[in-house]
Each structure stands twice: as structure tokens, then as C-alpha cells.
Amino acid sequence: MKDKQKRKKERTWAEAARLVLENYSDAPMTPKQILQVIEAEGLKEMRSGTSPLACLNAMLHSNSRGGEGLFYKLPGRISLFTLKAESEGGLL
1 MKDKQKRKKE
11 RTWAEAARLV
21 LENYSDAPMT
31 PKQILQVIEA
41 EGLKEMRSGT
51 SPLACLNAML
61 HSNSRGGEGL
71 FYKLPGRISL
81 FTLKAESEGG
91 LL
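Note that full-length UniProt numbering has the sequence shown beginning at 1, numbered continuously upward.
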């Protein structure tokens, strides 16, 4: 039990969002939808004094730019994200 709590506490926003998009969604999601799953499943410990949605949104945007990013923002859409490998593989 302690090990599971430790993993949840140490999980980054990127890891939590990747888990959501891999396991809980078959379609692109907004940051708000991703956050709702993270909270419901307890995938990341939330700290007081921070805005979880702002942190998640900033991480998604920064990790969707350039060739090395983990996430892909759908062009022409307001904040819809998926995993980059899925979008490049033609699964969308």
C-alpha cells in the first residue's frame, strides 16, 4: 500500500496525462476532461496552493510543441489533445 501511494505522489503531470490518454480514452480530450479522470482515479496527488488545471494545461501545451513532445494538439481545435504516437500513426 505504501509503495502505491509513493508512486502516485511522485507521478508527474505528464505521466498522469499519458496514463489517462492511454487507458481511459479512445478519443482526444480537453485538459479539463483529462484532469477529471486524474482526480477520479487518484492518478496524481494534488497539492494545495496550486491550480491543477493550470499546471496540466501548461504541461500539455509545452509537451505538444516540437518533435520530442509526448502529446499532440489537434490543429484548428481549441485544446484537444491526444498522444503523439496515436495521431502520427493515423489512428485518429
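Just so it is clear, CB atoms sit at the ideal spot from N, CA and C, and this is done for glycine as well.
Bounding residues of the beta strand (DSSP E) (the contiguous stretch that carries residue i)
i, result
"K73", "71-73"
"L83", "81-83"
Endpoints, alpha helix (DSSP H) assigned at residue i
i, result
"R18", "13-23"
"S51", "It is not in any alpha helix (DSSP H) - S51 carries neither H nor E in the DSSP assignment."
Residue i versus the options, residue with shortest Cα-Cα distance
i, options, result
"L53", "F71, G66, I34", "I34"
"V20", "A58, P75, G76, F71", "F71"
"L43", "G67, W13, G76", "W13"
"C55", "P31, E10, D26", "P31"
"I78", "K84, N57, R47", "N57"
Identity of the residues DSSP links to residue i by a beta bridge
i, result
"M29", "F81"
Using 8 Å as the cut-off, can you tell me whether the segment 62-69 makes contact with the segment 36-45, which would need three or more C-beta pairs spanning the two stretches below that distance? no
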